[in-house]
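J.:
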Amino acid sequence: AHHGSSSNTNNNNNDVGRYCELNLNCECPSHRVVGGKNSNNTKHHQPNKRAFGAVLMKNVDSATSMLTTMQQAVNDSTAALPISVKMRIGVDDLDDVDDYLIPYIRQLV
10 AHHGSSSNTN NNNNDVGRYC ELNLNCECPS HRVVGGKNSN NTKHHQPNKR AFGAVLMKNV
70 DSATSMLTTM QQAVNDSTAA LPISVKMRIG VDDLDDVDDY LIPYIRQLV
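Letter 6 of the sequence shown, counting from 1, is numbered 15 in my numbering, and no numbers are missing.
(1) Does the beta-carbon of residue 118 have 16 or more other beta-carbons within 10 angstroms, so that it is buried, or is it exposed?
(2) My understanding is that residue 35 touches residue 83, with C-beta atoms under 8 Å, so please give their C-beta distance in whole angstroms.
(3) What number of angstroms, rounded off, separates the C-alpha of residue 98 from the C-alpha of residue 90?
(4) DSSP state of residue 32, grouped into three classes?
(5) Could you tell me the boundaries of the beta strand (DSSP E) in which residue 74 lies?
(6) Cβ atoms of residue 79 and residue 92: under 8 Å apart, would you say?
(7) CB of residue 87 to nearest heavy atom of the ligand NAP: below 7 Å?
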């Protein structure tokens, strides 16, 4: 089950048991998700108030923080839920597997 797009997951840690899995979506390219059609959020490594979807592929620190929060929520619950991360092979000009994708994944785990 997908838990929505709230960045404030700490308030709902006790609710994770009602899901069968948790998924961090780092792949959705929708302008509605990444911050709007004319937003600066789609530019390479720009600060982003709305770190959702494919924007997380440009901000590994935010993705790592969200993943850590998800793991803590599972650890604090009685549920043994799998956590997955949906991601793109690349985003914008960040598309080299060896120079970008593999280091990104290593930082997440």
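By construction, the Cβ of each residue, glycine as well, lies at the ideal position given by its N, Cα and C atoms.
The structure displayed is predicted, hence computed values, not measured ones.
T.: Concretely, from the data shown:
(1) exposed
(2) About 18 Å; that fails the 8 Å criterion.
(3) 25 Å
(4) strand
(5) Careful: residue 74 lies outside any beta strand (DSSP E), inside the alpha helix (DSSP H) at 69 to 85.
(6) yes
(7) With respect to small molecules bound, the structure shown includes none, and the ligand NAP cannot be examined in it.
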